[in-house]
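3 is the number of the first residue of the sequence shown in the working numbering; add one for each residue after it. Where a beta carbon is used, it is the ideal one built from N, C-alpha and C, also for glycine. Everything on this sheet refers to the single structure shown next.
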Amino acid sequence: MNTTSTTPNRARRRLAAMAAVGAALAAGCAPQTPSGPKVVGQPCDAGEGVTVVVDFQKLNNTVAIGCAPGTQASGLAALTNAGFTYDEIGGFACQINSLPVEGYPTCQFDAYWSYNKSDGTSPWDYSMVGASSGPIAVDSLEGWSYSVITPDNYDGAPIRLSVEKVLARRG
Numbered sequence: 003m004n005t006t007s008t009t010p011n012r013a014r015r016r017l018a019a020m021a022a023v024g025a026a027l028a029a030g031c032a033p034q035t036p037s038g039p040k041v042v043g044q045p046c047d048a049g050e051g052v053t054v055v056v057d058f059q060k061l062n063n064t065v066a067i068g069c070a071p072g073t074q075a076s077g078l079a080a081l082t083n084a085g086f087t088y089d090e091i092g093g094f095a096c097q098i099n100s101l102p103v104e105g106y107p108t109c110q111f112d113a114y115w116s117y118n119k120s121d122g123t124s125p126w127d128y129s130m131v132g133a134s135s136g137p138i139a140v141d142s143l144e145g146w147s148y149s150v151i152t153p154d155n156y157d158g159a160p161i162r163l164s165v166e167k168v169l170a171r172r173g
């Protein structure tokens, strides 16, 4: 099997996706659209790695997708290796790509980053294990959603892009 021609294409796509995610999020905001969130980045191709999805919800109405190549040691490793940054306080991912700004560093009291998982064949599921758990298998999806805490909902805001729609974005 000749992988010489596909590997550089994957690498270029991954770099382009990471650049798009970084550029969109560095601006700190994305335009609000009535049709839904702005989606940036691309998932991993089948067999390539762990796809990471971050739904910024009301922070900037963006859903960002990145690819962490290969098996990942943990959800936090996948988040980093897919091109995202995070700040952790007391075991919680308090900020992803420096958001939210308001409420930091006590963000887990009013809102938090809910952590979701999928094996790639099932819908998003609120994770019952922490993001430092692992390993995370190739073709899995890790999802983060900015969630305002309300008395009737501690499971977090659902990710606005289904697993099927994420995977449909493959190159």
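Exercise for review: Give the range of the beta strand (DSSP E) segment to which Gly145 is assigned.
Suggested key: Leu143 to Val150
Point to revise | Sequence-distant residues of its chain with Cβ nearer than 7 Å to Ala139 (five each side left out) | key: Thr73
Point to revise | Beta bridge counterpart(s) of Val54 as assigned by DSSP | key: Gly68 and Glu144
**Study point:** Supposed close pair Ala79, Ser116 - CB separation, criterion 8 Å
**Key:** Incorrect: roughly 19 Å between the Cβ atoms, too far for contact.
Check your understanding: Where does Glu90 fall in DSSP's three states?
Key -> strand
Practice item. Quick one: grab the DSSP three-state call for Asn83. Key: helix
Point to revise | Three-way DSSP call (helix, strand, coil) for Gln59 in this model | key: helix
Review point. Just reading off the alpha helix (DSSP H) that Val168 is part of, what are its end residues?
Key: Val165 to Leu169
Check your understanding: Between Tyr57 and Ser147, is the Cβ-Cβ spacing less than 8 Å?
Key -> What sits at residue 57 in the sequence shown is Asp, not Tyr. Their beta carbons are under 8 Å apart, which means Asp57 touches Ser147 by this criterion.
Review point. DSSP state of Gly158, grouped into three classes?
Key: coil
Practice item. Determine the extent of the beta strand (DSSP E) in which Val103 is found, giving its start and end residues. Key: Neither: Val103 is in no beta strand (DSSP E) and is coded neither H nor E.
**Study point:** Enclosing beta strand (DSSP E) for Ser134 [first to last residue]
**Key:** Unbroken run through Ser134: none, as it is neither H nor E.
Check your understanding: Short check: CB of Tyr128 to CB of Ile151, under 8 Å?
Key -> no
Review point. From Asp112, Gly145, Glu166 and Pro125, pick the residue whose C-alpha is nearest to that of Pro153; which is it?
Key: Asp112
Point to revise | Reduced DSSP category for Gly43 - H, G, I as helix; E, B as strand; rest coil | key: strand
Check your understanding: What are the boundary residues of the beta strand (DSSP E) that includes Ser37?
Key -> Per DSSP, Ser37 belongs to no beta strand (DSSP E) and is neither H nor E.
Point to revise | Pairwise C-alpha distance: Trp126 and Lys167 | key: 12 Å
Review point. Of all the options Asp47, Gly173 and Ala70, which has the alpha carbon lying nearest to the alpha carbon of Asn145?
Key: Before going further, note that residue 145 is Gly rather than Asn in the sequence given. Comparing Cα positions, the closest option is Ala70.
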